[in-house]
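Peer 1: Sequence order for the protein chains is A and B.
Take 1 as the starting number for the first sequence in my numbering and just add one per residue.
Take 1 as the starting number for the second sequence in my numbering and just add one per residue.
My questions will all concern the structure given below.
2 protein chains.
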Amino acid sequence: MKTFSINYHLFKREKEGIINIFLKENENVLNSFSKRRIMFKKNMDNRNEKENTIRDVANLAGVSVATAGRVLGGYGSASSKSVSAVKDAAAKLNYIPNGIAQSMKKKNTKTIGLIIANISNPYFSSIARLVEEVLAKEGYNLIICNTDEDSERELSYLRTLYEKRVDGLMIASALKDSESSEDEVLKMYKNSIPTIIIDREIPGIDLPTVTSDNFRGAYEATTHLIKMGHKKIGVIGSNISTLFRRVDGYKQAMEENFLTFDDYLISNKTYDNVSPGDVNEGIFATRELLKDPETRPTAIFPLNNLLTTGALIAIDEMGLRIPEDVAIVGWDDFDLAPLLKPPITVVKQSSYNIANIATNRLLELISNSSLSSEADKKVTLSTELVVRGSCGNKAN
Amino acid sequence: MKTFSINYHLFKREKEGIINIFLKENENVLNSFSKRRIMFKKNMDNRNEKENTIRDVANLAGVSVATAGRVLGGYGSASSKSVSAVKDAAAKLNYIPNGIAQSMKKKNTKTIGLIIANISNPYFSSIARLVEEVLAKEGYNLIICNTDEDSERELSYLRTLYEKRVDGLMIASALKDSESSEDEVLKMYKNSIPTIIIDREIPGIDLPTVTSDNFRGAYEATTHLIKMGHKKIGVIGSNISTLFRRVDGYKQAMEENFLTFDDYLISNKTYDNVSPGDVNEGIFATRELLKDPETRPTAIFPLNNLLTTGALIAIDEMGLRIPEDVAIVGWDDFDLAPLLKPPITVVKQSSYNIANIATNRLLELISNSSLSSEADKKVTLSTELVVRGSCGNKAN
DNA sequence: AAATATAATGAAAACGTTCTCAATTAATTA
DNA sequence: TAATTAATTGAGAACGTTTTCATTATATTT
């Protein structure tokens with residue numbers, strides 16, 4: 001498509017009737033131009049077809065915009081005559097207020113941003129569900145952002161949400177230690193939007209936080225495996241920032257029991273085309289970990305729910321028996337866990353509690369711009385080890 | 001809390017210094033009032049702390065707002081001197097444009113609304129995941145709304161999203177036949193926002209649609225059960241609008257094979273405190289259906305994934321064996337289906353395809369305000385029956 | 001150097017609300 | 001009826017951008 005520009009001065013002269021020659025000479029070009037103008041105009045007209053504003057309502061009702069605003073907005077006072085006139089007019093015109101303009105004035109958007117790794121992870125989706133439910137009751141909508149544990153994407157979302165001027169932010173951050181001190185990040189996080197951190201802390205950033213007791217949960221699970229007689233225990237998912245504290249818990253339990261753990265037991269590879277913490281990582285990492293019957297751990301501990309699923313798939317695929325060949329304790333409970341043969345032992349965390357507490361604190365933060373009790377700025381919820389049948393008992 | 005109003009004229013006079021008596025008499029009241037004013041002021045000052053506008057950037061850079069806008073927005077032309085001055089100023093002020101103001105002018109919000117039954121349903125969450133991913137690449141954000149199959153809530157969300165002036169809408173509607181003709185609904189749906197219907201059609205509303213072949217999927221599953229020798233087949237979830245077409249498919253298959261189905265085989269109860277189509281409905285309905293060994297169907301067909309989970313839980317809980325006591329074919333495949341004993345036969349539908357096609361069509365709709373080929377306005381994706389071991393074989 | 005074309009600029013008008021302020025009208029009291 | 005209080009109203013500014021338009025500065029051609 002050929003572009004061309006029209007000289008402003010020529011246009012000016014044209015207006016003044018000085019040059020008509022130009023017009024003739026460039027007739028064809030000009031025509032296509034004016035066609036474009038007409039198209040554009042039509043398009044705009046189309047779009048604006050019937051976007052009735054409060055002004056239209058006011059006109060139809062025979063009152064001022066101010067009065068229309070008062071009755072529609074339910075503030076100030078208006079005579080019953082005005083009230084009904086405006087309401088009728090609004091109904092007749094099918095008037096729906098423009099929330100953007102309202103946001104502009106009121107300086108809020110009634111929108112919250114939720115930044116998580118992956119909404120298709122049941123843990124996050126049930127959090128999202130609950131958050132959305134609580135928020136909806138308070139008239140807020142929820143924007144969902146999947147980072148896939150990529151801190152670049154997190155920052156990009158952060159910026160977009162800031163541009164959108166969301167009223168609040170709830171974040172399960174992918175940020176790792178090293179990055180968190182970067183200027184840019186800090187600047188973003190200091191950018192004044194009420195923010196609640198969930199699922200895991202962001203190292204080096206001091207914001208209200210609601211997490212499970214990741215350390216203790218992993219510590220208990222590992223201790224349980226040790227009590228059942230396992231000495232060589234593998235861990236899956238250590239490359240994900242969420243899971244750092246869980247790895248810590250594992251290590252602590254091992255050390256307290258004078259058990260050594262070689263590096264190869266702590267799977268921390270990343271795989272091509274596999275987003276971290278996903279089912280596929282669970283499959284690949286488990287395959288690798290259990291490949292060699294000589295060095296194979298007698299128990300594995302996948303550090304999140306999707307990894308657990310992946311591990312189960314890999315174990316099944318390799319024809320290994322649970323718990324005879326390999327024991328497993330999963331992170332996060334799931335509906336089908338008791339139905340598997342054997343039923344799977346898991347560390348259970350309450351997405352319900354996390355979501356509820358975090359949402360209410362966020363709402364508090366939004367309306368008060370501070371938390372009522374600074375004391376419990378960091379909330380840590382305890383996990384529960386649900387013992388079923390997947391750990392065996394080598395101890396006896 | 002006691003309310004009070006202050007007389008405007010008194011204030012006016014106060015300003016003019018005429019009445020100080022009033023002040024004294026009402027000291028306490030006025031004090032609390034001015035305290036509130038101060039609080040409010042402080043609050044506002046706090047909020048406005050450092051919201052740098054493009055005007056601030058322009059001032060610091062020593063250019064006009066127009067020029068600043070041009071370099072920041074990347075349109076029009078500006079001297080390299082201006083460009084760097086503005087960019088520097090923006091960086092220094094940590095300027096982040098106000099998207100609301102932009103939306104106001106540009107008449108778009110770069111936001112899409114997704115209305116579904118429940119984001120914690122894996123089927124919907126994986127759709128949401130994919131939709132969000134595609135949208136993010138095009139610079140759109142996604143607002144998620146859970147209706148819990150409640151058409152009231154759907155309408156309320158619809159209105160909110162319209163107020164927010166989202167650029168597009170993707171809806172798995174909870175609307176049933178009877179409701180769809182209501183004026184209000186139609187008005188909403190005709191309200192010009194580009195909209196794609198997914199998962200199920202909205203009866204009586206003519207909009208671009210992307211669905212699985214619900215009828216055929218259910219027909220094939222039922223036919224499979226019949227082939228395996230089942231004659232008394234129960235269905236779970238028929239009270240949900242999504243599933244109407246699936247029930248139709250079931251009925252058709254039954255009829256073609258000259259099988260009768262009593263009403264009690266088609267579970268359509270609603271349970272208190274249980275949202276339709278949820279795991280708990282699956283549990284309750286299955287319990288009821290299988291309660292009586294005399295009338296018990298030899299096979300059941302839960303019509304969505306959560307109902308399937310619930311059915312499995314109930315069957316396990318009742319100590320029944322699959323497929324000897326009761327066969328089952330589930331709707332929607334799931335990762336653990338092959339790992340259960342026995343592995344579960346399912347109707348598989350591709351959330352990937354639905355999400356992808358729907359999203360791309362929506363984007364097309366937004367930019368062109370019409371679909372390129374009207375012919376395939378309604379897209380129906382075929383399902384796949386994945387036969388595993390949960391249906392037994394009574395035929396031999 | 002004059003004439004012309006192009007690039008760069010700032011003022012100001014939108015966009016659709018909310019809300020203050022000043023004024024007018026209605027209701028109440030003296 | 002006059003004086004006072006209360007209720008109702010409309011004009012217009014503001015929110016922070018984008019973008020048109022008219023103009024001025026710069027570059028290019030005769």
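Where is the CB? At the ideal position from N, CA and C, for every residue including glycine.
Strictly by DSSP, which residues pair up with residue 397/B?
Peer 2: In this structure chain B extends from 1 to 396, so residue 397/B is not present and cannot be described.
Peer 1: Please list the partners that residue 167/B has in chain A, where partner means a Cβ-to-Cβ separation under 7 Å.
Peer 2: One-based indexing of the second sequence puts residue 167/B at position 167. Within 7 Å Cβ-Cβ: nothing; residue 167/B doesn't reach chain A, min ~12 Å.
Peer 1: Can you find a C-beta in chain B that's less than 7 Å from the C-beta of residue 318/A?
Peer 2: The residue given as residue 318/A occupies position 318 in the first sequence. Not closer than 7 Å to any Cβ of chain B, the Cβ of residue 318/A fails to qualify, so no.
Peer 1: Buried or exposed: residue 318/B, going by 16 or more other Cβ atoms within 10 Å of its Cβ?
Peer 2: As a position in the second sequence, residue 318/B is number 318, starting the count at 1. So residue 318/B ends up on the exposed side.
Peer 1: In angstroms with no decimal places, state the Cα-to-Cα distance between residue 129/A and residue 110/A.
Peer 2: Within the first sequence, residue 129/A is the residue found at index 129, counting from 1. Within the first sequence, residue 110/A is the residue found at index 110, counting from 1. Each residue's Cα considered, the two are about 17 Å apart.
Peer 1: Taking the alpha-carbon positions, what's the residue 293/A to residue 392/A distance?
Peer 2: Walking along the first sequence from the start, residue 293/A turns up at place 293. Walking along the first sequence from the start, residue 392/A turns up at place 392. Cα to Cα, residue 293/A sits roughly 18 Å from residue 392/A.
Peer 1: Among residues of its own chain, excluding the 5 on either side of residue 278/A, which ones have a beta-carbon nearer than 6 Å to its beta-carbon?
Peer 2: Walking along the first sequence from the start, residue 278/A turns up at place 278. Hits under 6 Å: 306.
Peer 1: Evaluate residue 75/A with the Cβ neighbour count: other Cβ atoms within 10 Å of its Cβ, from every protein chain shown; 16 or more gives buried, anything less gives exposed.
Peer 2: By one-based count along the first sequence, residue 75/A stands at place 75. Exposed, since its Cβ has fewer than 16 Cβ neighbours within 10 Å.
Peer 1: What are the boundary residues of the beta strand (DSSP E) that residue 302/B is part of?
Peer 2: Taking the second sequence and counting its residues from 1, the one referred to as residue 302/B is at position 302. Run containing residue 302/B: 299–302, per the beta strand (DSSP E) assignment.
Peer 1: Helix, strand or coil for residue 337/A? Go by DSSP, reduced to three states.
Peer 2: Taking the first sequence and counting its residues from 1, one reaches residue 337/A at position 337. Residue 337/A: helix per DSSP, three-state reduction.
Peer 1: In the DSSP assignment, find the alpha helix (DSSP H) that holds residue 103/B and state where it starts and stops.
Peer 2: Position 103 of the second sequence, counted from the start, is the residue given in the question as residue 103/B. Note, residue 103/B: alpha helix (DSSP H), 99–106.
Peer 1: Quick one: list the residues of chain A neighbouring residue 290/B, beta-carbon separation under 9 Å, in chain order.
Peer 2: Mapped onto the second sequence, residue 290/B falls at position 290. The premise fails here: residue 290/B is roughly 16 Å from chain A at the closest Cβ pair, so nothing lies under 9 Å.
Peer 1: With a threshold of 16 other CB atoms inside 10 Å of the CB of residue 324/A, please say whether the residue is buried or exposed.
Peer 2: One-based indexing of the first sequence puts residue 324/A at position 324. Residue 324/A comes out exposed.
Peer 1: Using a Cβ cut-off of 7 Å (strictly closer), state whether residue 270/A contacts chain B.
Peer 2: Position 270 of the first sequence, counted from the start, is the residue given in the question as residue 270/A. With 7 Å as the cut-off, residue 270/A does not count as an interface residue toward chain B.
Peer 1: Give the residues of chain B in contact with residue 99/A, contact being defined as C-beta atoms less than 7 Å apart.
Peer 2: Counting from 1 along the first sequence, the entry for residue 99/A is found at position 99. Those are 163, 164 and 165, listed as they occur along chain B.
Peer 1: What are the start and end residues of each continuous beta strand (DSSP E) run of 3 or more residues lying completely inside the stretch 183–248 of chain A, in chain order?
Peer 2: Here the runs fully enclosed are 195–198, 209–212 and 233–236.
Peer 1: I need the straight-line Cα distance from residue 372/A to residue 139/A, nearest angstrom please.
Peer 2: Here the question's residue 372/A lines up with position 372 in the first sequence. Here the question's residue 139/A lines up with position 139 in the first sequence. If I take the Cα positions, the gap works out to 22 Å.
Peer 1: Counting along the chain, where does the alpha helix (DSSP H) carrying residue 59/A start and finish?
Peer 2: Within the first sequence, numbered from 1, the residue matching residue 59/A stands at position 59. 54–61 is the span of the alpha helix (DSSP H), which, as asked, contains residue 59/A.
Peer 1: Who are residue 170/B's beta bridge partners in DSSP?
Peer 2: Taking the second sequence and counting its residues from 1, one reaches residue 170/B at position 170. 114/B and 196/B.
Peer 1: What number of angstroms, rounded off, separates the C-alpha of residue 355/B from the C-alpha of residue 222/B?
Peer 2: What you label residue 355/B is simply residue 355 of the second sequence in a count that begins at 1. What you label residue 222/B is simply residue 222 of the second sequence in a count that begins at 1. Taking the straight line joining both Cα atoms gives about 26 Å.
Peer 1: So what does DSSP say about residue 378/B, is it helix, strand or coil?
Peer 2: Position 378 of the second sequence, counted from the start, is the residue given in the question as residue 378/B. In this structure, residue 378/B counts as strand in the three-state DSSP scheme.
Peer 1: Tell me residue 266/A's beta-bridge partners as DSSP assigns them.
Peer 2: Position 266 of the first sequence, counting from 1, holds the residue named residue 266/A. In the DSSP output, where bridge partners are listed per residue, residue 266/A has 235/A.
Peer 1: Relative to the C-alpha of residue 345/A, which candidate in 369/A, 302/A and 151/A has its C-alpha closest?
Peer 2: Within the first sequence, the letter at position 345 stands for residue 345/A. Among 369/A, 302/A and 151/A, the Cα nearest to that of residue 345/A belongs to 302/A.
Peer 1: How many whole angstroms separate the CB atoms of residue 347/A and residue 289/A, which I take to be in contact at a CB cut-off of 8 Å?
Peer 2: For the purposes of this step, residue 347/A is taken as residue 347 along the first sequence, with counting starting at 1. For the purposes of this step, residue 289/A is taken as residue 289 along the first sequence, with counting starting at 1. Actually they do not touch by this definition, with Cβ atoms about 19 Å apart.
Peer 1: Whether or not the stretch 111–119 of chain B and the stretch 157–170 of chain B are in contact is what I'm after, with contact meaning three or more pairs of Cβ atoms, one per stretch, closer than 8 Å; do they touch?
Peer 2: Because the criterion of three Cβ pairs below 8 Å is met, the stretch 157–170 of chain B and the stretch 111–119 of chain B touch.
Peer 1: Report yes if the CB atom of residue 363/A is closer than 7 Å to the CB atom of residue 170/A, and no otherwise.
Peer 2: Within the first sequence, residue 363/A is the residue found at index 363, counting from 1. Within the first sequence, residue 170/A is the residue found at index 170, counting from 1. For residue 363/A and residue 170/A, no; Cβs fall outside 7 Å.
Peer 1: For the putative contact between residue 142/B and residue 154/B, defined by C-beta atoms under 8 Å, what is the C-beta separation to the nearest angstrom?
Peer 2: Counting from one through the second sequence, the residue named residue 142/B turns up at place 142. Counting from one through the second sequence, the residue named residue 154/B turns up at place 154. About 17 Å separates the two Cβ atoms, so there is no contact after all.
Peer 1: In angstroms, rounded to a whole number, what distance separates the CA positions of residue 271/A and residue 70/B?
Peer 2: If you number the first sequence from 1, residue 271/A lands on position 271. If you number the second sequence from 1, residue 70/B lands on position 70. Their backbone Cα atoms lie some 43 Å apart in a straight line.
Peer 1: Can you check whether the C-beta of residue 42/A is within less than 7 Å of a C-beta belonging to chain B?
Peer 2: Looking up residue 42/A in the first sequence gives position 42. Its pLDDT being 33, under 50, residue 42/A is placed unreliably in this model, and the coordinates cannot settle the point.
Peer 1: Return the CA-CA distance between residue 250/A and residue 157/B, expressed in angstroms with no decimal places.
Peer 2: Looking up residue 250/A in the first sequence gives position 250. Looking up residue 157/B in the second sequence gives position 157. For residue 250/A and residue 157/B, the distance between alpha carbons rounds to 45 Å.
Peer 1: Does any residue of chain B bring its CB to less than 7 Å from the CB of residue 105/A?
Peer 2: Position 105 of the first sequence holds residue 105/A. Closer than 7 Å: no.
Peer 1: Would DSSP call residue 146/A helix, strand or coil?
Peer 2: For the purposes of this step, residue 146/A is taken as the residue at position 146 of the first sequence. Three-state DSSP puts residue 146/A in a strand.
Peer 1: Name, please, each residue of chain A whose Cβ falls closer than 8 Å to the Cβ of residue 150/B.
Peer 2: Along the second sequence, one-based indexing puts residue 150/B at 150. What residue 150/B touches in chain A: nothing, since even the nearest Cβ is about 12 Å away.
Peer 1: May I ask you to list, following chain order, the residues of the stretch 357–370 of chain A that have a beta carbon less than 9 Å from some beta carbon of chain B?
Peer 2: Under the 9 Å Cβ criterion, the stretch 357–370 of chain A contributes 369.
Peer 1: If residue 173/A sits next to residue 202/A, beta carbons under 8 Å apart, how far is it from one beta carbon to the other, in whole angstroms?
Peer 2: In the first sequence, residue 173/A corresponds to position 173, counting from 1. In the first sequence, residue 202/A corresponds to position 202, counting from 1. Residue 173/A to residue 202/A, Cβ: 5 Å. Contact.
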